[in-house]
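Asks: Heads up: the protein sequence lines correspond to chains A, B and C, in order.
Using the working numbering, you'd call the opening residue of the first sequence number 1 and step up by one each time.
Using the working numbering, you'd call the opening residue of the second sequence number 1 and step up by one each time.
Using the working numbering, you'd call the opening residue of the third sequence number 1 and step up by one each time.
Virtual Cβ for every residue (Gly too), placed ideally from N, Cα, C.
All figures in this text were calculated on a predicted structure; none of them were measured in a lab.
Just dropping this structure here.
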Amino acid sequence: MAIISKKIIKDIFFKTSNILPKPYVNYLLFGIILVILPYIVNGSTLLTIGSVIVYAIAALGLNLLLGYSGLISLGTAGFMGLSSYFASYLTKDLNFPFFASLLISVFIPVILGLLVGLVSLRIEGYYLAIATLAVAEILRRIFEKFIAFTGGYVGKTADYPNILNVFMLDREGTYIILVIFLIVIMILTHNLIQSPTGRALLTMRGSDAAAQAMGIDILKYRLIAFALATLYASIAGVLYVHFNELTYPTIWNLGLSLNILAIIIIGGIRSISGTVLGAFVVYSFSDLILKEIPFIGEIPGLSNIIFGVLIIVIILFYPQGLIQIFKNILKSIFIRKDVKASE
Amino acid sequence: MIFSGIETGSFYALAALGIIIIFRTSITTNFAQGVIGMFNAFMATEFYYRFGYSTVESIILAIVTSIIMGILIDILIIRHARKVNPVSKQIITLGLIMIIMGITPMIFGTTNRDLKRIIPSGQIDFGSLHISYNSILNIILVFIIMFVLFIVLQYTKWGLAVRVTASNEYTARLMGVPTKMVTMIIWALAASLSTLASIMLAPSNSVEVNMMGGVQVNALIACVLGGFQTFYGPVIAAYIIGISSNLIVFYISDTWGEPILYIFILIFILIKPNGLIGKKLVKKV
Amino acid sequence: MSKKAIVVNKELSNDIVLQVDNLSIAFGGLKAVDNLSFNIKKNEIFGLIGPNGAGKTTVFNCITQFYRPNNGEVYFRTKRDKVVNLVGRPVYRIIRLGLVRTFQNVELIRELSVLDNLLVGAHIKYKTGFISHMLKTKKARKEELDNRKKAIEVLKYLGIDHLKDFLAAGLSYGILKRVELGRALMSDPNLLILDEPAAGLNETETEQLAETIRKIRDDFNSSILLVEHDMRLVMNICDRICAISFGKLLAIGTPKEIQSNKNVQEAYLGKDD
Ligand SMILES: Nc1ncnc2c1ncn2[C@@H]1O[C@H](COP(=O)(O)OP(=O)(O)OP(=O)(O)O)[C@@H](O)[C@H]1O
Ligand SMILES: [Mg+2]
């Protein structure tokens with residue numbers, strides 16, 4: 001038994017061959033682990049792990065943007081919020097079915113994102129961070145003040161999704177939906193970064209000059225990356241509101257966008273598994289671990305400080321992030337075993 | 001109306017100047033500019049309430065702590081990030097926001113605080129228009145600071161060192177410019193400019209964690225509008241933003257004033273991508 | 001804002017691939033290229049020489065539209081045998097016309113393997129978009145496979161196929177120069193612009209390079225424009241040479257003519273080449 005599980009772990013982390021089904025198998029395995037995780041750990045962790053999944057989805061988008069095209073968005077929370085309000089409004093006030101509402105709720109932020117990107121990305125990459133910061137600021141104001149649509153400070157509610165009038169999901173069911181979304185998005189992202197588009201993005205990040213000389217339209221690819229980041233964030237927003245049954249303005253602040261940034265820097269830039277690891281570290285750390293520590297856990301802002309420091313330390317000294325440490329540790333374990341076994 | 005716009009504009013201008021000097025010397029847009037000011041505004045209240053200094057003394061002490069803070073940030077972090085690419089430097093400043101936002105409630109608690117005006121009361125009346133002495137002081141003070149800084153940047157040896165570092169740090173170092181010293185002073189200066197902005201802003205709002213959010217956004221937008229290539233462009237843009245946002249808020253909409261202004265600026269940037277004073281640079285390949 | 005690209009059906013005599021007319025560009029007060037004209041014929045290896053800072057790279061940048069020239073036109077005969085003016089076109093469109101370049105300071109992507117770096121050069125060959133890439137459609141897979149095969153062929157051609165899986169970050173300068181050349185070849189150019197391809201190579205490597213460049217000209221049926229400081233190489237492989245100094249034309253001619261030209265000798269005086 002132990003041998004089998006070790007072999008599986010080994011497969012997950014070392015077989016990065018390009019043969020088609022291999023990575024898919026790994027992702028699916030991971031999905032199954034996620035589904036059973038809340039039951040084997042502790043029932044009450046479902047909410048936490050659900051949030052981890054939601055933030056991991058948004059972070060995957062940001063990782064695509066930052067890691068592959070070298071651009072920063074500070075609008076992640078804003079776009080998430082926007083789609084969450086749409087999802088709530090459409091399903092609750094207008095009685096739209098879940099999938100129709102999902103489509104619209106995701107479409108609108110993406111269009112908004114494209115507009116913002118179109119203006120800011122024509123100039124310099126760093127304009128995007130400023131533009132998205134401003135947009136997030138405007139969105140936050142809309143969430144607070146446009147009461148007819150957003151419910152103001154009180155916020156708006158939503159139900160667990162009702163899929164095709166057949167599956168009336170409860171919290172556990174919705175959690176499974178989250179896992180499915182995460183796994184599908186991980187697989188699609190995996191495909192993308194290994195494709196010509198992924199190479200084009202990396203090229204653009206590494207050298208503007210080379211990218212252009214090789215025929216890569218920088219504006220187009222920046223827009224693709226940003227649109228995808230917005231898309232992922234919006235999906236995360238929709239899932240958030242259905243899983244938590246509530247959305248309100250103070251969630252969608254700059255702090256959340258920074259936490260999502262922290263996820264990818266701490267977890268590992270340009271790494272899908274790193275992003276998920278980062279989401280677990282950032283969100284389960286403060287929810288599950290820090291709060292349990294007596295005395296220290298009560299200090300306000302402590303987790304912020306820890307993640308802020310981690311971001312800076314990792315950028316300066318360990319740019320590959322925690323996933324690299326994780327991989328190295330595993331490697332050292334398995335390689336030693338392998339040597340012994342072959343002797 | 002225009003007058004209070006000028007006052008708002010001067011807060012933005014202080015923050016924008018801080019951002020642009022850091023941009024030019026450290027090649028990063030400092031997103032932590034606002035929170036540094038916020039933290040030191042708290043320091044001012046601490047000096048005032050806990051240690052019983054007068055308002056002016058507290059402010060001066062807060063400026064001193066901001067200078068120390070700027071120097072520490074440079075020595076502990078920025079100095080080690082020379083080889084780091086500009087995007088990662090931006091992320092470092094975002095990490096700084098998280099740290100400072102986390103430390104603030106830890107030290108100062110979570111309740112809002114007040115900071116008094118330097119000139120507590122009194123105003124000039126022009127018919128229906130009332131302008132407080134304190135606003136006049138703020139405006140004049142900022143004008144003087146800007147004026148002195150521009151003179152220093154433009155006409156002194158030290159200013160030359162800054163400008164040389166700004167145009168090419170590597171060559172500057174070869175030429176014997178103490179670039180380490182320059183960036184350190186710049187970070188200290190930027191921190192104190194932001195602190196001044198937050199202290200001037202504090203009496204009309206209150207001292208709290210998010211007090212500088214708006215200033216930070218507007219200062220960055222001022223840099224975009226004014227162009228990142230000159231020191232004075234963002235400052236001019238900051239005043240324009242201050243004045244026009246006040247006008248729009250007054251005549252059109254209280255809540256939607258700033259969003260409307262941002263949309264105008266977006267359109268402007270579409271037409272003139274390099275900003276008001278932008279020069280188009282040819283990137284060397 | 002940008003000058004409209006004008007397709008001028010300029011009469012270029014059939015054997016001319018590139019015609020540079022009265023090209024000028026200034027940076028501030030510095031005239032980096034000053035009223036320069038020359039042309040390149042089909043299947044010609046054409047050298048551009050001049051002392052450091054003469055403006056050679058700038059000429060390349062003006063041709064490939066990295067810099068917008070202040071004055072002058074650049075006519076180019078595309079793969080489809082159409083004559084177009086390159087001035088005013090977006091940089092990323094140039095390669096599609098059949099003109100590709102390398103850089104003086106190698107511009108490869110460190111995080112990508114040698115093979116992947118070559119595939120970047122095939123960017124314009126891909127017809128599928130990012131959605132097909134995400135879904136990994138059949139067409140996308142086939143395209144990728146075809147280009148991969150081609151990239152391996154090019155790597156074999158350049159004698160570096162054993163390095164295909166190495167990351168660019170760890171390789172020697174000489175190898176990187178070759179990888180960059182390979183990347184350029186992936187687009188099947190009919191004009192290849194090389195900025196100091198022999199910089200940093202030792203003597204045997206340089207000799208190999210001379211051989212390779214000639215072979216490329218024949219096998220890929222393309223013209224080659226190159227900047228090079230290694231005079232032996234230039235004189236050895238170039239059919240014609242254009243010498244410039246301070247952005248101004250000194251002389252155009254065969255290697256022999258250039259070597260014996262008074263102006264050229266003067267410009268290089270004090271330089272040991
Ligand atoms: N983007 C730019 N901005 C300002 N000046 C430039 C720019 N590009 C080139 N120059 C200047 O133009 C002149 C010609 O430079 P260029 O790089 O073309 O020379 P070169 O002949 O390629 O030299 P080398 O043999 O050293 O490569 C130089 O004085 C250089 O400083
Ligand atoms: Mg050159």
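Just to check my reading of the structure: glycine 301 of chain A and proline 105 of chain B have Cβ atoms closer than 8 Å, yes? What is that Cβ distance to the nearest angstrom?
Replies: The Cβ separation is near 5 Å, so the contact holds.
Asks: I want to verify the contact list: residues of chain C whose CB lies under 7 Å from the CB of threonine 197 of chain A, in sequence order.
Replies: The answer, in chain order, is Phe130 and His133.
Asks: Give the range of the alpha helix (DSSP H) segment to which isoleucine 269 of chain B is assigned.
Replies: Per DSSP, isoleucine 269 of chain B belongs to the alpha helix (DSSP H) from 257-271.
Asks: Taking buried to mean at least 16 other C-beta atoms within 10 Å of its own C-beta, is arginine 270 of chain A buried or exposed?
Replies: Arginine 270 of chain A is buried by the Cβ-count criterion.
Asks: Jot down the residue ranges of each uninterrupted alpha helix (DSSP H) in the region 14-68 of chain C, minimum 4 residues, whole runs only, in chain order.
Replies: Complete alpha helix (DSSP H) runs here, min 4: 56-63.
Asks: Are the region 131-138 of chain C and the region 189-198 of chain C in contact at 8 Å, needing three or more beta carbon pairs?
Replies: The region 131-138 of chain C, when compared against the region 189-198 of chain C, does not touch it at the 8 Å Cβ threshold.
Asks: Could you tell me whether the Cβ of methionine 101 of chain B comes closer than 8 Å to any Cβ of chain A?
Replies: With 8 Å as the cut-off, methionine 101 of chain B counts as an interface residue toward chain A.
Asks: DSSP three-state label for glutamate 73 of chain C, please.
Replies: It is a strand residue.
Asks: Applying a beta-carbon distance threshold of less than 8 Å, which residues of chain A neighbour tyrosine 300 of chain B?
Replies: Summary: the structure shown does not reach residue 300 of chain B, with chain B confined to residues 1 through 285, and so no result is reported for it.
Asks: Would glutamate 111 of chain C count as contacting chain A if we go by Cβ distances under 8 Å?
Replies: Chain A contact via Cβ: present.
Asks: Looking at the secondary structure, which residues open and close the alpha helix (DSSP H) in which leucine 193 of chain B lies?
Replies: Note, leucine 193 of chain B: alpha helix (DSSP H), 179-201.
Asks: Can you confirm whether valine 100 of chain C, when its beta carbon is compared against all beta carbons of chain A, has any partner nearer than 8 Å?
Replies: Yes, because at least one Cβ of chain A sits closer than 8 Å to the Cβ of valine 100 of chain C.
Asks: Take the Cβ of methionine 168 of chain A as the centre, count every other Cβ of all protein chains shown within 10 Å, and call the residue buried at 16 or more, exposed below.
Replies: When all chains shown are included, methionine 168 of chain A counts as exposed.
Asks: Is the CB-CB distance between valine 227 of chain C and methionine 186 of chain C below 8 Å?
Replies: Cβ distance not < 8 Å, so valine 227 of chain C and methionine 186 of chain C don't count as in contact.
Asks: If we count the other Cβ atoms within 10 Å of its Cβ and call it buried at 16 or more, is arginine 77 of chain C buried or exposed?
Replies: It is buried - the Cβ of arginine 77 of chain C has at least 16 other Cβ atoms within 10 Å.
Asks: Give a yes or no on whether the minimum CB-CB distance between valine 217 of chain B and chain A is below 8 Å.
Replies: For valine 217 of chain B, the answer is yes, since a Cβ of chain A falls inside 8 Å of its Cβ.
Asks: Which same chain residues end up closer than 7 Å to isoleucine 104 of chain A when comparing Cβ atoms and leaving out the 5 residues on each side of it in sequence?
Replies: Here the set comprises Phe86 and Leu90.
Asks: Within 10 angstroms of its Cβ, does glutamate 180 of chain C collect 16 or more other Cβ (buried), or is it exposed?
Replies: Flag for glutamate 180 of chain C reads buried.
Asks: Quick check: is any heavy atom of ligand 1 less than 7 Å from the C-beta of glycine 67 of chain A?
Replies: Incorrect: glycine 67 of chain A has no Cβ contact closer than 7 Å to ligand 1.
Asks: So what does DSSP say about methionine 186 of chain A, is it helix, strand or coil?
Replies: Of the three classes helix, strand and coil, the one that applies to methionine 186 of chain A here is helix, per DSSP.
Asks: Tell me the DSSP secondary structure of isoleucine 130 of chain B in three-state form.
Replies: A small fix is needed here, since residue 130 of chain B is histidine in this sequence, not isoleucine. Reduced to three states, the DSSP call for histidine 130 of chain B is strand.
Asks: Which value, in whole angstroms, describes the spacing of the CA atoms of alanine 166 of chain B and arginine 24 of chain B?
Replies: One C-alpha to the other measures close to 5 Å.
Asks: Kindly list the residues whose CB is nearer than 7 Å to the CB of proline 161 of chain A, restricted to its own chain and excluding five residues on each side of it in sequence; keep chain order.
Replies: Excluding positions up to five away in sequence, the list reads Phe98, Leu169, Thr174, Ile177 and His242.
Asks: Rounded to the nearest angstrom, what separates serine 84 of chain A and serine 234 of chain A at their Cα positions?
Replies: Looking at the two C-alpha atoms, the distance is approximately 8 Å.
Asks: Can alanine 54 of chain C be considered in contact with ligand 1, in the sense that its beta carbon sits closer than 7 Å to one or more heavy atoms?
Replies: Yes, the beta carbon of alanine 54 of chain C sits closer than 7 Å to at least one heavy atom of ligand 1.
Asks: Name the residue from B:Ala13, B:Ala32, B:Gly122 and B:Gly37 whose alpha carbon lies nearest to the alpha carbon of methionine 98 of chain B.
Replies: The residue with the shortest Cα to Cα distance from methionine 98 of chain B is B:Ala32.
Asks: Cβ of threonine 230 of chain A less than 8 Å from any chain B Cβ?
Replies: No, threonine 230 of chain A does not count as interfacial toward chain B.
Asks: Give a yes or no on whether the minimum CB-CB distance between glycine 267 of chain A and chain B is below 8 Å.
Replies: Closer than 8 Å: no.
Asks: With a CB to CB cut of under 7 Å and the five nearest residues on each side skipped, what residues in its chain are close to tyrosine 12 of chain B?
Replies: Excluding positions up to five away in sequence, the list reads Val215, Asn218, Ala219, Ala222, Ala238, Ile241 and Gly242.
Asks: Interface residues of chain A around threonine 29 of chain B at Cβ under 8 Å?
Replies: Result: Tyr126, Ala129 and Ile130.
Asks: For chain B, check one thing: does any of its Cβ atoms lie closer than 8 Å to the Cβ of phenylalanine 326 of chain A?
Replies: So no, phenylalanine 326 of chain A is outside the interface.
Asks: Are the region 253-266 of chain B and the region 66-80 of chain B in contact at 8 Å, needing three or more beta carbon pairs?
Replies: Segments in contact, no.
Asks: Alanine 81 of chain B touches chain A at which residues, Cβ-Cβ below 9 Å?
Replies: Residues of chain A passing the Cβ test: Ile312, Ile315 and Leu316.
Asks: For a contact meaning CB atoms closer than 7 Å, what does glycine 95 of chain B contact in chain A?
Replies: Correct list: Gly308, Ile311 and Ile312.
Asks: Does any C-beta atom of chain A lie closer than 8 Å to the C-beta of leucine 225 of chain B?
Replies: Chain A contact via Cβ: absent.
Asks: DSSP puts arginine 240 of chain C in a beta bridge; with which residues?
Replies: Bridge partners of arginine 240 of chain C: C:Phe46.
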